[in-house]
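Q:
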Amino acid sequence: MRKVNDRLSEFLDEYNSSMKELYSKGFEFSPINVRESTAKLIAKYVTDIPEVASVGDGIIYASGYDVPVRVFVPYPDEVLPVLVYFHGGGHVAGNVYSFDPICRKIARETRHIVVAPEYRLAPENRYPNAVADCYAAIMGVWAALDRLGLYYQPSLSVAGDSAGGALAATISHLAQFDYSVKIKKQVLIYPVLDYTMHLRSHEENAVGYFLEARKSVWYLGQYFNEAQCRKKASPLFMDFTAALPETLVFTVEFCPHRDTGDIYYRKIEEVGVRSENVHFSDMIHPFLILEDMVKSECAKVYSSMNSFLND
151 MRKVNDRLSE FLDEYNSSMK ELYSKGFEFS PINVRESTAK LIAKYVTDIP
201 EVASVGDGII YASGYDVPVR VFVPYPDEVL PVLVYFHGGG HVAGNVYSFD
251 PICRKIARET RHIVVAPEYR LAPENRYPNA VADCYAAIMG VWAALDRLGL
301 YYQPSLSVAG DSAGGALAAT ISHLAQFDYS VKIKKQVLIY PVLDYTMHLR
351 SHEENAVGYF LEARKSVWYL GQYFNEAQCR KKASPLFMDF TAALPETLVF
401 TVEFCPHRDT GDIYYRKIEE VGVRSENVHF SDMIHPFLIL EDMVKSECAK
451 VYSSMNSFLN D
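Start counting the sequence shown at 151; every next residue gets the next number (the numbering used here).
1) Can you tell which of N279, G371, F387, G314 has its C-alpha closest to the C-alpha of H323?
2) Does DSSP classify M388 as helix, strand or coil?
3) Let me know the secondary structure DSSP gives P231 once reduced to three states.
4) Check the Cβ-Cβ distances between E274 and every residue of chain D, and say whether any is below 8 Å.
5) How about V114 and V308: are their beta carbons less than 8 Å apart?
6) Taking 8 Å as the threshold, find out whether the region 174-181 comes into contact with the region 426-440 through three or more Cβ pairs.
7) Take the Cβ of I333 as the centre, count every other Cβ of all protein chains shown within 10 Å, and call the residue buried at 16 or more, exposed below.
8) For the putative contact between T397 and Y415, defined by C-beta atoms under 8 Å, what is the C-beta separation to the nearest angstrom?
9) Taking the straight line between their C-alpha atoms, what separation do you get for K382 and K445?
10) Going by other Cβ atoms of all chains shown within 10 Å of its Cβ, with 16 needed for buried, is A377 buried or exposed?
11) Please look up how many angstroms separate the CB atoms of Y340 and C405, rounded, as I've assumed it's under 8 Å.
12) Would you mind reading off the limits of the alpha helix (DSSP H) that contains N427?
13) Report, in whole angstroms, the separation of the C-beta atoms of A243 and T188, which I expect to be a contact under 8 Å.
14) Would V264 and A287 qualify as a contact pair, given that the criterion is a beta-carbon distance under 8 Å?
15) Whose C-alpha, out of N375, H352, C379, is nearest the C-alpha of S366?
16) For the beta strand (DSSP E) holding F222, just list the boundary residues, first then last.
17) By a C-beta neighbour count over all protein chains shown, 10 Å radius and 16 as the cutoff for buried, is P436 buried or exposed?
18) Sort S248, G238, N275, Y225 by Cα distance to R261 and report the nearest one.
19) Does the distance from the C-beta atom of D409 to that of V154 stay below 8 Å?
20) What's the gap between the Cα of V337 and the Cα of D198?
21) Please list the terminal residues of the continuous alpha helix (DSSP H) segment that includes F404.
22) What three-state label does DSSP hand V184 in the structure shown?
23) Would you mind giving the Cβ-Cβ distance between V221 and L298, rounded to the nearest angstrom? I have them listed as a contact below 8 Å.
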């Protein structure tokens, strides 16, 4: 029998009650209120902010748009591999400032230099602008680190949560055909891999588990123009070859994207690439930004990332 974690169940009861009242008064999502609520949620529930050796800002220069990045160096006097991390937020919300604590934790726990791009958000910048920014980030990461005077191992991995997981996977699929860049590993945390939302988990978890269907539909309406093919943009339906990076996928039982994550990691396996899945049977999307309620589960994410990236 499926059962949500007790602490999250209490949170959901309160959240669902407040949203029901708001909907009854005609509430509608907007980029402003979604961005504000996401930032407030992270600030309220991710309160452990670890020290790192340095945090610096840089620019990745690209045609059309220069991508700001924040760079987290976890330990002084160590030459470490690099992880480019794409934050979540439905392609509409989130930024490197609000995800600062999470990037710090990833840097410390995985012993990687974490580079977090400030990619452009919808609806002001619709698909494929964010993809272009994220691809520019991996292409220009070494030059950006050089300009900051940092020493690093020339070993590149990517990661992301939710919509950031979609971007990480998309970049990996594009890079498999680009011999000028090599992505070693990818880590996808409850990723959005199917923009068509046609699987059982999209229906099973459509109501009551925070990321509801109506909000998912709204997010995608902000990200895509009506004429754009959502299936073509979905990593689940892209080409799978042995040139893809080794992959770790975190899936969550009470998440609309659960089934796509499960199918995706198996498709990676089928082409002969190492692929792992860590499943949380009582968590919701996006529990990583609700850390103070589920500390041990969040710690498991970071420790699993460490084991995978450094194996």
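We put the CB at the ideal spot given by N, CA and C, even for glycine.
Keep in mind it's a predicted model, so treat the numbers as computed, not measured.
A: If we stick to the structure as given:
1) F387
2) coil
3) strand
4) The question asks about chain D, but that chain is absent: this structure has only one protein chain.
5) One cannot answer for residue 114 here, as it falls past the ends of the chain, which runs 151 to 461.
6) no
7) buried
8) 6 Å
9) 37 Å
10) exposed
11) Between Y340 and C405 the beta-carbon gap is near 5 Å, inside 8 Å, which marks them as a contact.
12) Where N427 is concerned, there is no enclosing alpha helix (DSSP H), although the beta strand (DSSP E) it sits in stretches over 425-434.
13) Rounded to the nearest angstrom, the Cβ distance from A243 to T188 is 4 Å, consistent with a contact under 8 Å.
14) Against a cut-off of 8 Å, the Cβ pair of A287 and V264 comes out as no contact.
15) H352
16) Here the beta strand (DSSP E) through F222 covers 217-223.
17) buried
18) Y225
19) no
20) Going from the Cα of V337 to the Cα of D198 covers about 22 Å.
21) It is not in any alpha helix (DSSP H) - F404 instead sits in the beta strand (DSSP E) that spans 396-404.
22) helix
23) With a Cβ gap of about 6 Å, V221 and L298 count as contacting.
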